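Going by the numbering used here, the sequence shown opens with residue 1, and the numbers climb by one from there.
Glycine included, every Cβ here is placed at the ideal spot set by N, Cα and C.
From a predicted model like this one, the values you see are computed outputs, not experimental measurements.
This report concerns only the one structure given below.
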Amino acid sequence: MRESKIITIERFLLDTQPDYARGELTSILYDLALAAKIISAQTRRAGLLDILGFADNVNVQGETQRKLDVYADDVIIKLTQHTGRLCAMVSEEREEVISIPECFTKGSYILVFDPLDGSSNIDTNISIGTIFGIYKTLDEENSGCLADCLQPGRDLVAAGYMLYGTSTMMVYSTGKGVHGFTLDPSWGEFILSHENICFPNPPAYFSFNHAITHRLPTPILAYIDWLRNLTEPTLTHRYVGSMVADFHRNLIHGGVFGYPAAPTKPDGKIRLLYEAAPLAFLAEQAGGFGSDGSQSLLEIKPSYIHQRVPVFIGNRFLVEKAKEILFPKI
Ligand code: P6P
1 MRESKIITIE
11 RFLLDTQPDY
21 ARGELTSILY
31 DLALAAKIIS
41 AQTRRAGLLD
51 ILGFADNVNV
61 QGETQRKLDV
71 YADDVIIKLT
81 QHTGRLCAMV
91 SEEREEVISI
101 PECFTKGSYI
111 LVFDPLDGSS
121 NIDTNISIGT
131 IFGIYKTLDE
141 ENSGCLADCL
151 QPGRDLVAAG
161 YMLYGTSTMM
171 VYSTGKGVHG
181 FTLDPSWGEF
191 ILSHENICFP
201 NPPAYFSFNH
211 AITHRLPTPI
221 LAYIDWLRNL
231 TEPTLTHRYV
241 GSMVADFHRN
251 LIHGGVFGYP
261 AAPTKPDGKI
271 RLLYEAAPLA
281 FLAEQAGGFG
291 SDGSQSLLEI
301 KPSYIHQRVP
311 VFIGNRFLVE
321 KAKEILFPKI
């Protein structure tokens, strides 16, 4: 009988960090796991704590902030800014780069994150998530500068997400495969539940918002029709409206998520730095691919911390078909 093992995320982080590591990246990932526990606890009780609904302000995206958005943003910043591991942060909820206060030691890493993705689903008890990416500073002498925060996804040293769903999961990669941990709420521990996740073949799903397809350019419609009419394999359509949930389902069962550019959203909707690039990093680590329709999302150097991009992400052959249809070789 295979000896079953209980491996906590802390144990896995320590066992898999390189011998030369000083433990700084490991420590950031551990802090994010703790943030996930805190956010998860609050999310589970959101309906009871008068933190449903809207905060009193609008974020940089022009979206009315939800109280839980603000809460999750605060938790991640307060847990990490004083640790001496980070030299800057970028949050979907904050207009500018978040500098490390003078009273704290600066470290060598940059944390970019969407504290609560899919937050329009909070009040209806649908899965939501946190997405993060971690970069190393380009210049220790000038760490935390804007250039440090505008690195292409190819330079990520780690990326991952937390999914607050029927269970709370943390899924991450440091470039050595994608690994999933499920929170045991009675223990308060993340336990290794999905080691070395890879997109399965054949894939099962495709995920698009069909409420906007009538506004999409013809080539995109041709790609969606190709997905709809595929027979080997036949794909089922699922769309949660929470990218982390859609990405995770496709990672486990195979599929492609797309949020293309549309006349009303000429650059698409998904943000490059803290949504698309981290998930594309994970996708490639899991044998899949992430593209803006023409190139790998990991090759795009952000020009602005809140830059948006069209996104096609999932099983490699499904994503590469998008380029074939959208940009046919003449
Ligand atoms: P729509 C959530 O706001 C988000 O950024 C992603 O999580 C999600 O996939 C997408 O927007 C949903 O957008 O336009 O379909 O509601």
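CB contact flag (residue i, residue j, <8 angstroms)
i	j	result
Phe206	Val240	no
Gly107	Leu282	no
Leu235	Pro203	yes
Ile325	Tyr223	yes
Pro152	Leu25	no
Phe208	Ile313	no
Lys321	Trp226	yes
Gly129	Asp117	yes
Gln307	Leu273	yes
Thr264	Arg215	yes
Met243	Ala36	no
Pro200	Gly254	yes
Arg249	Glu92	no
Tyr135	Leu156	yes
Ile7	Leu192	yes
Pro302	Leu150	yes
Ile100	Val90	no
Gln42	Leu68	yes
Gly335	Val311	Beyond the ends of the chain as shown, which are 1 and 330, falls residue 335; an answer cannot be given.
Ile122	Ala72	no
His210	Asn196	no
Glu284	Asp114	no
Ser127	Ala245	yes
Gly165	Pro278	no
Arg85	Tyr109	yes
Simplified DSSP state of residue i, which is helix, strand or coil
i	result
Gly133	strand
Pro219	helix
Glu284	helix
Val256	strand
Glu189	strand
Asp267	coil
Leu230	coil
Phe247	helix
Tyr274	helix
Ile330	coil
Thr236	strand
Ile224	helix
Leu163	strand
Tyr213	Contrary to the premise, residue 213 reads as Thr rather than Tyr in this sequence. Thr213 falls in the helix class under three-state DSSP.
Leu183	strand
Extent of the continuous alpha helix (DSSP H) run through residue i
i	result
Glu24	Glu24 to Arg44
Val319	Arg316 to Leu326
Leu13	Ile9 to Thr16
Residue span of the beta strand (DSSP E) that contains residue i, given as start and end
i	result
Thr80	It is not in any beta strand (DSSP E) - Thr80 instead sits in the alpha helix (DSSP H) that spans Lys67 to Thr80.
Ala88	Leu86 to Ser91
Ser207	Tyr205 to Ser207
Ser173	Thr168 to Ser173
beta-carbon residue i near the ligand FAD non-hydrogen atom, thresh 7 angstroms
i	result
Gly153	No copy of the ligand FAD occurs in the structure displayed; its ligands are the ligand P6P alone.
Inset, instruction - Let me know the beta strand (DSSP E) ranges lying completely inside the region 95-153, each 3 residues or longer, listed in chain order. - result: 109-117 and 128-136
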